[in-house]
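Peer 1: Sharing a structure with you now.
4 protein chains.
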Amino acid sequence: MNSIGTHFRLTTYGESHGLAVGGIIDGCPSRVALDFEAIAADLRRRADGAPREEEDEVEWLSGLKEGVTLGTPIAFSIGNRHARPEDYARLEHLYRPGHADYTYEARYGIRDHRGGGRASARETVARVVAGAIAKQVIAPVSIHAEVDTLGPEGDTRGGTVVCRIEGLKAGVGNPIFGKLGALLAHAMMTIPSAIGFEMGAGFAAAQMSGSEFVDRWNGDGSTRTNHCGGVQGGISNGMPVEFRVAFHPVVTLPSEVECLTDDGRLEPLTIGGRHDSCQVMRAPVIVEAMAALTLADLMV
Amino acid sequence: MNSIGTHFRLTTYGESHGLAVGGIIDGCPSRVALDFEAIAADLRRRADGAPREEEDEVEWLSGLKEGVTLGTPIAFSIGNRHARPEDYARLEHLYRPGHADYTYEARYGIRDHRGGGRASARETVARVVAGAIAKQVIAPVSIHAEVDTLGPEGDTRGGTVVCRIEGLKAGVGNPIFGKLGALLAHAMMTIPSAIGFEMGAGFAAAQMSGSEFVDRWNGDGSTRTNHCGGVQGGISNGMPVEFRVAFHPVVTLPSEVECLTDDGRLEPLTIGGRHDSCQVMRAPVIVEAMAALTLADLMV
Amino acid sequence: MNSIGTHFRLTTYGESHGLAVGGIIDGCPSRVALDFEAIAADLRRRADGAPREEEDEVEWLSGLKEGVTLGTPIAFSIGNRHARPEDYARLEHLYRPGHADYTYEARYGIRDHRGGGRASARETVARVVAGAIAKQVIAPVSIHAEVDTLGPEGDTRGGTVVCRIEGLKAGVGNPIFGKLGALLAHAMMTIPSAIGFEMGAGFAAAQMSGSEFVDRWNGDGSTRTNHCGGVQGGISNGMPVEFRVAFHPVVTLPSEVECLTDDGRLEPLTIGGRHDSCQVMRAPVIVEAMAALTLADLMV
Amino acid sequence: MNSIGTHFRLTTYGESHGLAVGGIIDGCPSRVALDFEAIAADLRRRADGAPREEEDEVEWLSGLKEGVTLGTPIAFSIGNRHARPEDYARLEHLYRPGHADYTYEARYGIRDHRGGGRASARETVARVVAGAIAKQVIAPVSIHAEVDTLGPEGDTRGGTVVCRIEGLKAGVGNPIFGKLGALLAHAMMTIPSAIGFEMGAGFAAAQMSGSEFVDRWNGDGSTRTNHCGGVQGGISNGMPVEFRVAFHPVVTLPSEVECLTDDGRLEPLTIGGRHDSCQVMRAPVIVEAMAALTLADLMV
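Residue numbers (this note's numbering), protein chains in the order written: chain A, 1 to 300; chain B, 1001 to 1300; chain C, 2001 to 2300; chain D, 3001 to 3300.
This is how it looks when you write it as structure tokens:
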């Protein structure tokens, strides 16, 4: 569904070429004086590197009194800019390779074919707004994500993002099905194009011996290494929480591709207009947002 | 918490050295004639390779009428065998490196120190029982997991497991926060020792070019490659769903290790008794169980 | 919190004197061609009898394609009219008797004091919109509520509303904690001023003998009486579902009342402006909306 | 479904004539030294007045260490005594009037016909155990319920129970869909035979004038009357929380009744054995248990 979190819960809405995208945050603590400039700064980080200028302005519909949270739902809305919807007319009966056109049709029997509709990365703007608020809720815990690796110079590129959470005390997270690593994995794998997740040493840990892997104690409860990524048994141990997310390359290719038609034929298509050849540079702020939402849900 | 799933929900209970481990399945469809031999076979797969003989017998407490599901909660219990609990007395005030001793203490201020308590892999026996039932619920969808790679011959080893789901029609899963890949990532990362997850081409996809990565259509809606792992926009596309899980090495080392004491000192410990040096051989049936629980929750 | 329902879930937002009230419906089935006139008609029923003209216009933000549901979240917004907010300045430090001023302050340490803020009956406009959609989803099941009794002619009045659901087949609802009567009770008791709920014969049933109360079978599975209100063991039995809701009188009195100040004094206040002396005439459409939301959640 | 609560969650299981009934409590705070005698005393109150001796012994399966809660799931089991199951053979194809036989069959297509199966009041034993623990968690808040009225001396009787919660501070509960009165209504209407619920003055409030109904302030934040039942806008105001629950008469009549057969005929049946003619005397401890579970969920 379209909600994440139990106590600090974000519900998002909106299609890329509908009237607006946005969300409702339910469970935000009261009496937080929001730093709107920090929210705007995160929105600019998300827009960075985009070929289209996107200056997203947030309309705050509820939940605030003179910029201070009331404890009631914070609803917000960001208007979409409808750049030539007629460009999309020919996509109504085509399923592009690598996109969610075909699967949405299978799931719902209908879809908004304009620019990816609900499946568009446009939806992440609501996550970044909510994530920027979540960061303020969990302060002084801090979250920093950055591009780790970029894919090769080809037509379009993917890459990996590394994220580090500092200041989280030991004891956050839950055993069994509510493990911190599982919640982060869930949150990260909901980001468009995310295709892999690892905590700490991750896949490399599978090729270590036990004595290489196990993090030895210092006398103060910290550890000399952090191969486990700051989480044991699903619960934070007081070390920085570290993880990586892999993103596959952008699936809108600059060259001609074969689409499947809704009557079962293959048809060539060259997608015009300007499109990103790499979205990994925009991903760290989204990774941070999803990490902040995950932690806020555990900490409020 | 200790539940997973919304419609087909498993709640587990039990410490490794308490009276029993088990669970309640709520939301299982009625009128399923359970194949108890299939459940026993999965329990034997879980016990395989274990240095201790574990023949787990399931006591069925509710929800069945002559072996057929009633639609009411299926509660089950598996007794524990208390092999010399006195062995654990010295662990009461020690936090072993790499284990959840310290984090449980930070989270709850108390823990069952005997054999890992709630954090023990013993808990997965309840998952395997419930997963075996879930497999029967989602049939004819089939799930097969196996060891993919094993870590090097050292003191203890980890490895990776690959899983393939066949027979799943297009249209299963949800957009945004309920993506199939995210639900699977969550489910897999709740398995003890899991430290990484990837769908389809996974981390390797981050180093592909777009034209290499994008799965081309065949005329029948299938694709020539399956780099995305059978999921697009969070929804199955009718191709096999494929993913990998990385497990770190066993953290109970055969050699002496330094433990942290609960009064802040370091103290050497050599853990006696027989312990697995590798649990990856037991992991495929648990991976299958968690995949089956994830799918049953989407399909009932 | 501010959500109701698991499968067909409504989340509402908005303070009475903020920018807007509205909601997100998550889980609405796809391909429902909405009848917008029916939604407007229900909104007019809610406004009927109100001393202030309220013509509520719904702005649809997402989830629709040419008036047809996409299966994605339906977000909507209804603008508020800010009739002289300065009227409310003196309420900032006063807790009116019978209102939620004091309890919101106790819960959140802050509140929007203008016109009841989040606690205002203004919020029910979002429920009526969502309920009108839910009615279309559950058709041909039909819901009809009407005023049953009105309180005496005094300063302000309460009353009771009776509701009857027809066309619901046997087998809807859940045992134990998900009983249909319990879900309806929950839904109804969330309506502002609701103070009592009864199924079928209700409180009168407590004074019947068993042979008077028990509904005898007809040969076709229907019953000769319907004292149980169409539900047995939490599950519908195919008879009409019938229940009553009691509403206490409007708590904004026309005469002078003593308020508690936030520094612990009593201070007289005469609330000016036009206020309803009875809201029970507006309640049936809200009762229907909450019943429709409850059923849609069980039937989608 | 079979769970109630979000933070302090009870899941129950068991049919009346199966092996056992019981439950799992998830979310119980750690380090509560349970008072087992208080639990046994509540179980005896539940058994009081029953024609059959029922000494329920609780088997604790998990979540405790020397009687102290670990913060992990507390699973418990109470064995059933199978008094002559052959008595029930003739009920396999009959739907008794007033019972849930017909509706369970409509819902699931199968049922345990022995003694009410899952729909039996036997299930409430698990609620009483969990409720007795919840009372200890919310202390020093205290809950007292007692029989308010009894139905007339006829074949079988119903009645009403009144409940009063003391020591609850102002600020507990949630606005809108999480109102304390709505949560209590939900909880109470899940009790077998419950058919009505009212807060404070309840249905009588619908016939009061506003100036009669509104609770006037004392200078200390308490009120001179408590017609609202201690809750305003869904949130406690610091006054005692008061409510009533109506129970319909026992539906197992001592005289011959006509049952519906599963092939659509009417067939007379006289139910033998000893059966309660009134269960209202056993209801107060169940009402208290459900109130305690509701509050624990809001307070942990």
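All C-beta atoms in this analysis are idealised placements derived from N, C-alpha and C, irrespective of residue type, glycine included.
Check whether the region 1147-1156 of chain B and the region 1268-1283 of chain B touch, using three or more Cβ-Cβ pairs below 8 Å as the test.
Peer 2: yes
Peer 1: With distance defined between alpha-carbon atoms, name the residue in PRO2140/C, HIS2017/C and TYR2088/C nearest to GLY2079/C.
Peer 2: For the purposes of this step, residue 2079/C is taken as the residue at position 79 of the third sequence. For GLY2079/C, the nearest C-alpha among the options comes from HIS2017/C.
Peer 1: Report the residue from LEU2043/C, GLY2109/C and GLY2159/C whose alpha carbon sits nearest the alpha carbon of VAL2125/C.
Peer 2: Against the third sequence, residue 2125/C aligns to sequence position 125. Closest by alpha carbon: LEU2043/C.
Peer 1: Determine contact between the region 111-122 of chain A and the region 213-233 of chain A, defined as no fewer than three beta-carbon pairs at a distance below 8 Å.
Peer 2: no
Peer 1: Using a Cβ-Cβ cut-off of 9 Å, state whether THR2072/C counts as contacting chain B.
Peer 2: Here residue 2072/C is taken as the residue at index 72 of the third sequence, counted from 1. It does; some Cβ of chain B falls within 9 Å.
Peer 1: Does DSSP put PRO2029/C in a helix, a strand or coil?
Peer 2: Position 29 of the third sequence, counting from 1, holds the residue named residue 2029/C. PRO2029/C falls in the coil class under three-state DSSP.
Peer 1: Determine the contact status of PRO2240/C and ARG3107/D, defining contact as a CB-CB distance below 9 Å.
Peer 2: Sequence index remark: in the third sequence, residue 2240/C carries index 240 (1-based). Sequence index remark: in the fourth sequence, residue 3107/D carries index 107 (1-based). ARG3107/D sits away from PRO2240/C, with the two beta carbons spaced by 9 Å or more.
Peer 1: Show which residues of chain A have a CB atom less than 8 Å away from the CB atom of THR3006/D.
Peer 2: Translated into positions along the fourth sequence, residue 3006/D becomes position 6. What THR3006/D touches in chain A: THR6.
Peer 1: Tell me the rounded alpha-carbon separation between ILE195/A and VAL245/A.
Peer 2: One-based indexing of the first sequence puts residue 195/A at position 195. One-based indexing of the first sequence puts residue 245/A at position 245. Rounded to the nearest whole angstrom, the CA to CA distance from ILE195/A to VAL245/A is 8 Å.
Peer 1: At the 9 Å Cβ level, is PRO3175/D part of the contact set with chain A, yes or no?
Peer 2: Position 175 of the fourth sequence holds residue 3175/D. Cβ-Cβ to chain A under 9 Å: yes for PRO3175/D.
Peer 1: Taking 9 Å as the CB-CB limit, is ALA3119/D close to chain C?
Peer 2: The residue you call residue 3119/D lines up with position 119 of the fourth sequence. Yes, its Cβ sits closer than 9 Å to a Cβ of chain C.
Peer 1: Out of GLU105/A, THR11/A and GLU57/A, state which residue places its alpha-carbon closest to the alpha-carbon of GLY1171/B.
Peer 2: Translated into positions along the second sequence, residue 1171/B becomes position 171. That would be GLU105/A, whose Cα lies nearest to the Cα of GLY1171/B.
Peer 1: Do the CB positions of ARG1297/B and ASN3002/D come within less than 9 Å of each other?
Peer 2: Translated into the one-based positions of the second sequence, residue 1297/B becomes position 297. Translated into the one-based positions of the fourth sequence, residue 3002/D becomes position 2. Per the sequence shown, residue 1297/B should be read as Asp rather than Arg. Going by C-beta atoms, ASP1297/B is not nearer than 9 Å to ASN3002/D.
Peer 1: Please specify which runs of the alpha helix (DSSP H), each continuous and at least 4 residues long, are wholly inside the region 3152-3204 of chain D, giving them in chain order.
Peer 2: Counting only unbroken stretches of 4 or more residues, the alpha helix (DSSP H) elements lying wholly within the region 3152-3204 of chain D are 3180-3189, in sequence order.
Peer 1: Taking buried to mean at least 16 other C-beta atoms within 10 Å of its own C-beta, is SER1255/B buried or exposed?
Peer 2: Indexing the second sequence from 1 puts residue 1255/B at position 255. Counting of Cβ neighbours within 10 angstroms places SER1255/B among the exposed residues, the total staying below 16.
Peer 1: Would you mind sorting ARG81/A into buried or exposed? The rule is 16 or more other CB atoms within 10 Å of its CB.
Peer 2: In the first sequence, residue 81/A corresponds to position 81, counting from 1. When all chains shown are included, ARG81/A counts as exposed.
Peer 1: Which chain B residues sit within Cβ distance under 8 Å of ILE235/A?
Peer 2: For the purposes of this step, residue 235/A is identified with residue 235 of the first sequence, where counting begins at 1. Those within 8 Å of ILE235/A in chain B are ALA1100, THR1103, TYR1104, ALA1106 and ARG1107.
Peer 1: Determine which residues of the region 3036-3070 of chain D have a Cβ less than 8 Å from any Cβ of chain C, and write them out in chain order.
Peer 2: none
Peer 1: Just to confirm my understanding: we take ARG3164/D, look at its own chain, exclude 5 residues before and 5 after, and list those with CB closer than 6 Å. What are they?
Peer 2: Taking the first residue of the fourth sequence as position 1, residue 3164/D is located at position 164. Spatial neighbours of ARG3164/D in its own chain (CB-CB distance under 6 Å, excluding positions within 5 residues in sequence) are listed in chain order as HIS3144, PRO3240 and GLU3242.
Peer 1: Which partner residues of ARG2009/C appear in the DSSP bridge assignment?
Peer 2: Stepping through the third sequence from its first residue, residue 2009/C is reached at position 9. Paired residues: ASP2026/C.
Peer 1: Residues of the region 2266-2289 of chain C with a CB closer than 7 Å to any CB of chain D: list them in chain order, please.
Peer 2: LEU2266
Peer 1: Starting from the Cα of ALA3040/D, find the closest Cα among GLY3131/D, ARG3114/D, VAL3068/D and ARG3090/D and give me that residue.
Peer 2: To locate residue 3040/D, count along the fourth sequence from 1; it is residue 40. That would be GLY3131/D, whose Cα lies nearest to the Cα of ALA3040/D.
Peer 1: Comparing the C-beta of ARG3157/D with each C-beta of chain C, is any distance below 9 Å?
Peer 2: In the fourth sequence, residue 3157/D corresponds to position 157, counting from 1. Judged by the 9 Å Cβ criterion, ARG3157/D is in contact with chain C.
Peer 1: Determine whether the Cβ of GLY2027/C lies closer than 9 Å to any Cβ atom of chain A.
Peer 2: One-based indexing of the third sequence puts residue 2027/C at position 27. Yes, contact with chain A.
Peer 1: Could you check where the beta strand (DSSP E) with GLY1079/B kicks off and where it finishes?
Peer 2: Your numbering for residue 1079/B matches position 79 in the second sequence. First-last of the beta strand (DSSP E) with GLY1079/B: 1074-1079.
Peer 1: Taking HIS2275/C as the reference, give the member of ASP2263/C, PRO2268/C and PRO2249/C with the closest Cα.
Peer 2: Looking up residue 2275/C in the third sequence gives position 275. Cα-wise, what sits closest to HIS2275/C is PRO2249/C.
Peer 1: If I measure Cβ to Cβ from GLY3071/D and keep anything under 6 Å in the same chain, skipping five residues before and after, which residues do I get?
Peer 2: One-based indexing of the fourth sequence puts residue 3071/D at position 71. Closer than 6 Å at Cβ, skipping near neighbours: SER3030.
Peer 1: Could you pull out every residue in the same chain whose Cβ sits closer than 6 Å to the Cβ of ALA2187/C, ignoring the five residues on either side in sequence?
Peer 2: Position 187 of the third sequence, counting from 1, holds the residue named residue 2187/C. The answer, listed in chain order, is MET2290 and THR2294.
Peer 1: Can you find the residues in the same chain that come closer than 7 Å, C-beta to C-beta, to GLY1098/B, ignoring five residues on each side of it along the sequence?
Peer 2: Position 98 of the second sequence holds residue 1098/B. VAL1251.
Peer 1: With 9 Å as the threshold, decide whether the Cβ of PHE2197/C is near any Cβ in chain D.
Peer 2: Stepping through the third sequence from its first residue, residue 2197/C is reached at position 197. Yes - at least one Cβ of chain D is within 9 Å of the one on PHE2197/C.
Peer 1: Could you tell me whether any Cβ in chain D is nearer than 9 Å to the Cβ of ARG1122/B?
Peer 2: Along the second sequence, read from residue 1 onward, the residue named residue 1122/B stands at position 122. For ARG1122/B, the answer is no, since every Cβ of chain D falls outside 9 Å of its Cβ.
Peer 1: So which residues on chain A does ALA2296/C lean against when the C-beta distance must stay under 9 Å?
Peer 2: Here residue 2296/C corresponds to residue number 296 of the third sequence, with the count starting at 1. Those do not exist, as ALA2296/C stays about 15 Å from chain A at its closest Cβ, beyond 9 Å.
Peer 1: Below 8 Å on the Cβ atoms is my contact criterion, and I expect LYS1169/B with GLY1238/B to pass it. Report the Cβ-Cβ distance as a whole number of Å.
Peer 2: One-based indexing of the second sequence puts residue 1169/B at position 169. One-based indexing of the second sequence puts residue 1238/B at position 238. About 6 Å; that satisfies the 8 Å criterion.
Peer 1: Within 10 angstroms of its Cβ, does THR1225/B collect 16 or more other Cβ (buried), or is it exposed?
Peer 2: The residue you call residue 1225/B lines up with position 225 of the second sequence. Under this definition THR1225/B is an exposed residue.
Peer 1: Where does SER1003/B sit, in a helix, a strand or coil, going by DSSP?
Peer 2: By one-based count along the second sequence, residue 1003/B stands at place 3. In this structure, SER1003/B counts as strand in the three-state DSSP scheme.
Peer 1: Give the single residue among VAL2214/C, GLU2267/C and SER2236/C whose Cα lies nearest to the Cα of LEU3253/D.
Peer 2: Position 253 of the fourth sequence, counting from 1, holds the residue named residue 3253/D. Cα-wise, what sits closest to LEU3253/D is VAL2214/C.
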